[in-house]
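This is the structure in structure tokens:
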């Protein structure tokens, strides 16, 4: 019985894994030969006087093959027909022209034993054409590149957080999918198959390339950016083939998520481009530039934006600074494509397509929010200054379906108005530099974000970092984090409601158990939102929740204290407008109304007075204190704060604990402690 011939790819992989490294003198011979040729070339230049002829002679001295194989050449173990079979596989992959050239170049180096000369981009093409096993075998035989290993180590937390889900449809596919729903829906099945199998992922991506092949033959190879290698997949870029990357991919769920993510977007892009390009041709458009522009807006809509530094070392380090630099830049480009394509490039077809994508996406988003709110299915916030802008609100749960656009629009609105509105409904002034810094800090990758938190002593939401919070921020997958948040606030139902949207790329956020209790009690007993209640009512709710055993964090329990300041100020303004209207127009009174409710009023007024009137710090502090005392404003505020302490006397205990833990920088004032102690007696 005849024995079946071994698969040439399997045979080559085995040879790479077992091939012997050639003696060190091969490298020495190469270096010596090169030095000799350089010496001859330099002599030619000196004798020839740097004429064109002498330069030709110098270049000629460098010609010819140098001894350079680092390993035994696998080609010696291959029959000619076996080597041709490897290239036949390449022929059937529907690659672009330069991809074919580079893939063959990598294969030639491999067969010649020059494994150390194979570049990362060539390894990526070898992976795509001949499989991951062969690519991994090559990478394993190459020497350790410590710079690449460092970059992979910095990106490891991001890879872990982006794994174990199927988030491409919501995170990057939705902005294009609203306008082209059929192609979006048809990309789900290939994504699921890609999750289950490496082979099925390759088959799906080969089909996507085959869809684009006729268009690339007509209009150029650079139409539509498929994720040709794993370095481009957001959340996994640029892990490459380092030892750390290979270790990460061996963890169940990481390679699956990586394959699924890239496959969904590749199939969606290819199918959508085919639809749009077919429509252009039917309209009589044949100019190559129009098709390139259509490809660009598809890239931008699906999260593949500009990366100014490319794949250089600086670009890779920059890629580790932000969670995904291409995704972040694509959001700006998606919003500006109608203008860029129409006014800058003069392509009305592409401008119209970009406008249709933009209008369809945002129109559907706002319509969905309004329809659900009107039907009573959920609540929604349409104020772009708000943290909850364009989010579905169901009790303590927030669901973001905006595919990464809401932070950009929110920060733009805050910069334009100079105001921000928190999730609790409070509005206060903000500064453009502060908002810009907050936007980019929110876009940081896990490692730099945690580093900034540790250096500054607080994270993005003002909490003091702990060992547990640092570990969570670095290594916990996003959908697991959402599951735990939901579990804490709403049990298993809350966990599923929070984790399932996150799994498909819709961002979720949950109130903590304290905030969830505040919302529930306020609605049940006061028929109102917690944020709309007066300070005393909020304090009563906090005391009731704590009495029911709900864990009330300091940041939740302190809210009535700051609301009391707002209540006191509003009451004071109402009274002085009746009795002394001129006092209400006093500059100090006007400035007091602009101070954030979470800031110390006396300190802020003092800083303002010092800058406004050019006086000393002591003079400014004296002026601010005199205004607060002599106008009675401080008495009004303290009266409302005493109501808070009366309704929730244990608030003092949580304040002391927060001060001891370093969560708050100041201890309770003496009058606060005396008031609570007197009430206890």
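Residue numbers (our numbering): 302 to 982. Every residue gets a Cβ at the ideal spot worked out from N, C-alpha and C, and that includes glycine.
Residues of its chain near residue 479, where Cβ-Cβ distance is below 7 Å and the 5 sequence neighbours each way are ignored: Numbered from 1 along the chain shown, position 178 holds the residue referred to as residue 479. Answer for residue 479: 661, 662 and 665, listed in chain order.
Buried or exposed, going by whether 16 or more other CB atoms sit within 10 Å of the CB of residue 467? Translated into the one-based positions of the chain shown, residue 467 becomes position 166. Residue 467 should be labelled buried.
DSSP three-state call for residue 677: helix, strand or coil? Reading the chain shown from its first residue, position 376 is the one you call residue 677. The answer is coil: DSSP assigns residue 677 none of H, G, I, E or B.
Taking the alpha-carbon positions, what's the residue 1050 to residue 426 distance? Only positions 302 to 982 of the chain appear in the structure, and residue 1050 is not among them; the question remains open.
What does residue 698 pair with, by DSSP beta-bridge criteria? By 1-based counting over the chain shown, the position of residue 698 is 397. The partner list for residue 698 (beta bridge, DSSP) reads 695 and 811.
In whole angstroms, what is the alpha-carbon distance linking residue 454 and residue 835? The residue given as residue 454 occupies position 153 in the chain shown. The residue given as residue 835 occupies position 534 in the chain shown. Cα-Cα distance, rounded: 50 Å.
Comparing C-alpha positions only, which one of 790, 752 and 791 sits nearest to residue 772? Translated into positions along the chain shown, residue 772 becomes position 471. With distances taken between Cα atoms, residue 772 lies closest to 752.
Apply the 10 Å Cβ neighbour rule to residue 585 and answer buried if 16 or more other Cβ atoms are within range, or exposed otherwise. The residue labelled residue 585 in the question sits at position 284 within the chain shown. Label assigned to residue 585: exposed.
Name the residue from 800, 961 and 774 whose alpha carbon lies nearest to the alpha carbon of residue 786. Start at 1 with the first residue of the chain shown, and residue 786 comes out as number 485. It is 800 whose Cα lies nearest to the Cα of residue 786.
When you compare each of 474, 882 and 438 to residue 547 by their alpha carbons, which one comes out closest? For the purposes of this step, residue 547 is identified with residue 246 of the chain shown, where counting begins at 1. For residue 547, the nearest C-alpha among the options comes from 438.
Three-way DSSP call (helix, strand, coil) for residue 326 in this model: Your numbering for residue 326 matches position 25 in the chain shown. Confidence in residue 326 is poor, its pLDDT being 48 and thus under 50, which makes the residue's placement unreliable; the coordinate value appears in the next sentence. Correct three-state label for residue 326: helix.
For the candidate residues 829, 830, 860 and 674, whose alpha-carbon lies nearest to that of residue 844? Taking the first residue of the chain shown as position 1, residue 844 is located at position 543. Measuring from the Cα of residue 844, the nearest candidate turns out to be 860.
With DSSP as the reference, label residue 754 as helix, strand or coil. Against the chain shown, residue 754 aligns to sequence position 453. Helix.
State the beta-bridge partners of residue 690 as determined by DSSP. Counting from one through the chain shown, the residue named residue 690 turns up at place 389. For residue 690, which the question treats as bridged, DSSP gives the partners 682.
In DSSP terms, what residue 372 is bridged to: As a first step, residue 372 is located in the chain shown; it is residue number 71 there, counting from the start. BP columns for residue 372 point to 322.
Count the other CB atoms within 10 Å of the CB of residue 904; is the residue buried (16 or more) or exposed (fewer)? For this step, residue 904 is matched to residue 603 along the chain shown. With fewer than 16 other Cβ atoms within 10 Å, it is exposed.
How do the stretch 627-637 and the stretch 677-696 stand: do at least 3 beta-carbon pairs fall below 8 Å, yes or no? no
Under the three-state reduction of DSSP, which class applies to residue 477: helix, strand or coil? As a first step, residue 477 is located in the chain shown; it is residue number 176 there, counting from the start. Correct three-state label for residue 477: helix.
If you scan the stretch 911-939 from start to end, which runs of the alpha helix (DSSP H) of 4 or more residues do you find wholly inside it? 918-931
Own chain, CB closer than 7 Å to residue 783, minus 5 neighbours either side, in chain order: Numbered from its first residue, the chain shown carries residue 783 at position 482. Hits under 7 Å: 799, 800, 803 and 809.
Under a three-way DSSP split, which group does residue 379 fall into? The count along the chain shown starts at 1 and reaches residue 379 at position 78. Residue 379: coil per DSSP, three-state reduction.
Give me the Cβ distance between residue 436 and residue 428, rounded to the nearest whole Å; I'm assuming they're in contact under 8 Å. The sequence position of residue 436 within the chain shown is 135, counting from 1. The sequence position of residue 428 within the chain shown is 127, counting from 1. 4 Å between Cβ atoms; contact.
Considering Cα atoms alone, identify which of 430, 867 and 735 is closest to residue 895. Residue 895 sits at position 594 when you count from the first residue of the chain shown. Nearest C-alpha to residue 895: 867.
Below 7 Å CB to CB, which residues in the same chain sit around residue 601 once its five sequence neighbours on both sides are set aside? Residue numbering aside, residue 601 sits at position 300 when the chain shown is read from its first letter. Contacts found: 631, 634, 635 and 638.
Among 818, 807, 348 and 374, which one has its Cα closest to the Cα of residue 704? Start at 1 with the first residue of the chain shown, and residue 704 comes out as number 403. Answer by Cα proximity: 807.
If we ignore side chains and look at the alpha-carbon of each, how far apart do residue 592 and residue 472 end up? What you label residue 592 is simply residue 291 of the chain shown in a count that begins at 1. What you label residue 472 is simply residue 171 of the chain shown in a count that begins at 1. Each residue's Cα considered, the two are about 25 Å apart.
Let's test the definition: count the other Cβ atoms within 10 Å of the Cβ of residue 914 and tell me whether it reaches 16, buried, or not, exposed. Locating residue 914 in the chain shown gives position 613, where the first residue counts as 1. Its Cβ having fewer than 16 others within 10 Å, residue 914 is exposed.
Could you compute how far the alpha carbon of residue 537 sits from the alpha carbon of residue 402? Residue numbering aside, residue 537 sits at position 236 when the chain shown is read from its first letter. Residue numbering aside, residue 402 sits at position 101 when the chain shown is read from its first letter. Its pLDDT being 47, under 50, residue 537 is placed unreliably by the model, and the measurement read from it follows with that caveat. Looking at the two C-alpha atoms, the distance is approximately 26 Å.
When you compare only the Cα positions, how much space is there between residue 447 and residue 754? By 1-based counting over the chain shown, the position of residue 447 is 146. By 1-based counting over the chain shown, the position of residue 754 is 453. Approximately 27 Å, taken between the alpha carbons.
Take the Cβ of residue 819 as the centre, count every other Cβ of all protein chains shown within 10 Å, and call the residue buried at 16 or more, exposed below. Locating residue 819 in the chain shown gives position 518, where the first residue counts as 1. The residue is buried, with at least 16 neighbouring Cβ atoms inside 10 Å.
Which first and last residues belong to the alpha helix (DSSP H) in which residue 562 is found? Residue numbering aside, residue 562 sits at position 261 when the chain shown is read from its first letter. Looking at the DSSP string, the run of the alpha helix (DSSP H) that includes residue 562 is 555-583.
Backbone secondary structure at residue 304 - three-state DSSP: Within the chain shown, the letter at position 3 stands for residue 304. Here residue 304 scores only 46 on pLDDT, less than 50, and its place in the model is too uncertain to base an answer on.
If we count the other Cβ atoms within 10 Å of its Cβ and call it buried at 16 or more, is residue 246 buried or exposed? This structure leaves residue 246 out entirely; the chain is present only between 302 and 982.
By the 10 Å Cβ neighbour count, where 16 or more other Cβ atoms means buried, how is residue 738 classified, buried or exposed? Position 437 of the chain shown holds residue 738. So residue 738 ends up on the exposed side.
In this structure, does DSSP put residue 605 in helix, strand or coil? Working through the chain shown from its first residue, we reach residue 605 at position 304. The answer is coil: DSSP assigns residue 605 none of H, G, I, E or B.
Cβ-based burial, residue 941 [other Cβ within 10 Å; buried from 16]: As a working mapping, residue 941 is identified with position 640 in the chain shown. It counts as buried.
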